[in-house]
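Participant:
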Amino acid sequence: MTAPVAFDTAPVIAVEEILDTPCLVVDEAILRRNVEEMAAFAAGLGVALRPHMKTHKSPQVARLQFKAGAVGATCAKIGEAEALVAEGGVSDVLLAYPTVGEPKIRRLLALMDRARVVVALDGREAAAALSREMVRAGRVLEVYVEVNTGQDRAGARHGEEATALAIDLAQLPGLRVVGVMTHEGQVNESAPDEIDAAALAAGRAREETARQIRSYGLNARDGSLGATPASPYTPTEPGVTESRTGTYVFNDNAAFRHGRVGPDRCAARVVTTVVSRPAPDRAVIDAGSKTLAMDRSPSHPGHGYVVGHPRAEIARLSEEHGVVLLPPNEPGFAVGDRVEVIPNHVCPVVNLMDELHLVRDGRVVDVWPVTARGKVR
Ligand SMILES: Cc1ncc(COP(=O)(O)O)c(C=O)c1O
Numbered sequence: 068m069t070a071p072v073a074f075d076t077a078p079v080i081a082v083e084e085i086l087d088t089p090c091l092v093v094d095e096a097i098l099r100r101n102v103e104e105m106a107a108f109a110a111g112l113g114v115a116l117r118p119h120m121k122t123h124k125s126p127q128v129a130r131l132q133f134k135a136g137a138v139g140a141t142c143a144k145i146g147e148a149e150a151l152v153a154e155g156g157v158s159d160v161l162l163a164y165p166t167v168g169e170p171k172i173r174r175l176l177a178l179m180d181r182a183r184v185v186v187a188l189d190g191r192e193a194a195a196a197l198s199r200e201m202v203r204a205g206r207v208l209e210v211y212v213e214v215n216t217g218q219d220r221a222g223a224r225h226g227e228e229a230t231a232l233a234i235d236l237a238q239l240p241g242l243r244v245v246g247v248m249t250h251e252g253q254v255n256e257s258a259p260d261e262i263d264a265a266a267l268a269a270g271r272a273r274e275e276t277a278r279q280i281r282s283y284g285l286n287a288r289d290g291s292l293g294a295t296p297a298s299p300y301t302p303t304e305p306g307v308t309e310s311r312t313g314t315y316v317f318n319d320n321a322a323f324r325h326g327r328v329g330p331d332r333c334a335a336r337v338v339t340t341v342v343s344r345p346a347p348d349r350a351v352i353d354a355g356s357k358t359l360a361m362d363r364s365p366s367h368p369g370h371g372y373v374v375g376h377p378r379a380e381i382a383r384l385s386e387e388h389g390v391v392l393l394p395p396n397e398p399g400f401a402v403g404d405r406v407e408v409i410p411n412h413v414c415p416v417v418n419l420m421d422e423l424h425l426v427r428d429g430r431v432v433d434v435w436p437v438t439a440r441g442k443v444r
């Protein structure tokens, strides 16, 4: 474990233009470095990178990831995948989310005409419906068995429960089990010095389950996992063939606590304007919950980190107001001043924005649409 990073070391992206606010700026140099280093790390281990694209929802960022060596995309919802297949050069996609319901299956079949699609499954009901429709359509759908290795969200419990599920799924016509996946997202809740152990335990539980599944003669060729805080650890585990990290492209305030990632690696910042100074210790910025989202950071109090102001706290949000509590005589908070906020959790913030302003050396060089924003179906 490296020492925790200091909050006050974050460089301001310092956009020269007067952009209307609130807006999301992305520093191109930090973005490229994040993309390239993760790709090089995965390549060095011989692990394929299939980044989760829910973080950026952007065809342009997807293309950067492919250029750096990503082999495919991970998406949650079909809508996200549809948008990125249409515009982001995605031709191979994992839907790492249960695909349930007739409308979804119809869209899945259409998506399969345009890209290779693998779906994660953690239950028999969803599997039976997919099997029926694949047979009817004369198609075969590749499937990862989703295993719960401690996150306690979706997934069949690692070990016997997941093995029994894999055996049942393998009997279903129209489905082909090709892998065993987990999302070791529980590491987001781990203390900084316990992340490595928690990550490696999840990786071992996944591989142990895959071994059991293979012992029944089933093909569980692919080993898929990924969560940004775990990304230095879990891809090194035996049996892992692909990493699905997502947040690493931008990083966020929650990532600081992992020690490895400092604010200087946080590419995405919300630029906001101070719109009111109702009291000496209180400023209001034009970014509320409809901009910053409501996620908390385990590493820093409040609703985001105000770059360059480590003692300022975005203490409350209403929809369009961010109430910032200030230490005595804090400069930089006059009405009209701009402040940069590193969001607590960047993924929902991106989903609230129409576009990303790409900044190179202080200048906006491009505006990228968040094409898959709002694609929650
Ligand atoms: C199934 C799945 N895989 C991968 C990821 C990527 O995790 P992270 O954003 O921490 O890299 C997520 C994130 O929510 C996920 O839900």
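Mapping of the sequence shown onto this note's numbering: position 184 corresponds to residue 251, and the numbering continues sequentially without gaps. Each residue gets a CB set at the ideal place from its N, CA and C atoms; glycine is no exception. Since the model is a prediction, treat every value here as computed from it, not as a measurement.
Does the contact criterion of 3 or more C-beta pairs under 8 Å hold for the stretch 251-263 versus the stretch 211-220?
Facilitator: yes
Participant: Grouping DSSP H, G and I as helix and E and B as strand, with all else coil, what is Pro436?
Facilitator: The answer is strand: DSSP assigns Pro436 an E or B state.
Participant: On the premise that Gly139 lies in contact with Val160, defined as a C-beta separation below 8 Å, what is that separation, rounded to the nearest angstrom?
Facilitator: 6 Å
Participant: Nearest to Arg117 by CA position, among Ser158, Arg99 and Val93, is which residue?
Facilitator: Of the candidates Ser158, Arg99 and Val93, Ser158 places its Cα closest to the Cα of Arg117.
Participant: Are Val316 and Thr122 close, meaning C-beta to C-beta below 7 Å?
Facilitator: yes
Participant: So which residues touch the region around ligand 1, with touch meaning a C-beta under 5 Å from any heavy atom?
Facilitator: His119, Ala163, His250, Gly293, Ala294, Thr295, Arg311, Thr312, Gly313 and Thr314
Participant: Per DSSP, His115 is paired with what?
Facilitator: As written in the sequence, residue 115 is Ala, which differs from the His given in the question. Looking at the DSSP assignment, Ala115 forms a beta bridge with Glu309.
Participant: Looking at Leu232 and Leu208, is the spacing between their C-beta atoms short of 7 Å?
Facilitator: no
Participant: Counting C-beta neighbours from all protein chains within 10 Å, is the total for Asp433 16 or more, i.e. buried, or is it exposed?
Facilitator: With fewer than 16 neighbouring CB atoms inside 10 Å of its own CB, Asp433 falls in the exposed class.
Participant: In or out: Asp289 buried (at least 16 other Cβ within 10 Å) or exposed?
Facilitator: buried
Participant: Do you know how far the Cα of Pro259 is from the Cα of Thr69?
Facilitator: Residue placement at Thr69 is poorly supported in this model, since its pLDDT is 38, which falls under 50; the coordinates still yield a value, given next. Taking the straight line from one Cα to the other gives about 10 Å.
Participant: Check whether the stretch 303-314 touches the stretch 357-377, taking contact to mean three or more Cβ pairs, one atom from each stretch, closer than 8 Å.
Facilitator: no
Participant: May I ask you to report which of helix, strand or coil DSSP gives Ala70?
Facilitator: Caution is warranted here: a pLDDT of 44 is assigned to Ala70, below 50, making its placement in the model unreliable, and the coordinate value is therefore given only provisionally. Of the three classes helix, strand and coil, the one that applies to Ala70 here is coil, per DSSP.
Participant: Go to Glu84, then tell me how far its beta strand (DSSP E) extends in each direction, as first and last residue.
Facilitator: From DSSP, Glu84 is part of no beta strand (DSSP E); its letter is neither H nor E.
Participant: Can you round the beta-carbon distance between Leu236 and Val210 to whole angstroms, since I take them to be within the 8 Å contact cut?
Facilitator: 6 Å
Participant: Should Asp87 be labelled buried (16 or more other beta-carbon atoms within 10 Å of its own) or exposed?
Facilitator: exposed
Participant: Could you check the C-alpha separation between Gly168 and Thr340 for me, to the nearest Å?
Facilitator: 44 Å
Participant: In three-state DSSP terms, what is Thr340?
Facilitator: strand
Participant: Kindly identify the DSSP beta-bridge partner or partners of Asn215.
Facilitator: Arg224
Participant: State whether the stretch 390-405 contacts the stretch 326-336, with contact taken as three or more CB pairs (one from each stretch) at a distance under 8 Å.
Facilitator: no
Participant: Buried or exposed: which applies to Met201, given that a residue is buried once 16 or more other Cβ atoms fall within 10 Å of its Cβ?
Facilitator: buried
Participant: Could you tell me if Glu192 is buried or exposed, where buried requires 16 or more neighbouring beta carbons within 10 angstroms of its beta carbon?
Facilitator: exposed
Participant: How far does the beta strand (DSSP E) with Thr276 in it reach, from first residue to last?
Facilitator: That residue, Thr276, is in no beta strand (DSSP E); its alpha helix (DSSP H) goes Ile262 to Ser282.
Participant: State the CB to CB distance for the pair Ser356 and Ser385, rounded to an integer number of angstroms; the pair is presumed to be in contact (CB under 8 Å).
Facilitator: The beta-carbon separation of Ser356 and Ser385, rounded to 7 Å, stays under the 8 Å limit for a contact.
Participant: Between Gly156 and Ala129, what straight-line distance do the alpha-carbon atoms span, to the nearest angstrom?
Facilitator: 8 Å
Participant: On the three-state DSSP scale, how would you describe Pro347?
Facilitator: If DSSP states are grouped into helix, strand and coil, Pro347 belongs with coil.
Participant: Just to confirm, are Glu149 and Pro126 a CB contact at a threshold of 7 Å?
Facilitator: no
Participant: Excluding five sequence neighbours on each side, which residues of the same chain lie with their C-beta closer than 6 Å to the C-beta of Val279?
Facilitator: One detail in the question is off: residue 279 reads as Gln in this sequence, not Val. Same-chain partners within the cutoff: Thr230.
Participant: Rounding to the nearest angstrom, what Cα-Cα distance links Arg181 and Cys142 in this structure?
Facilitator: 15 Å
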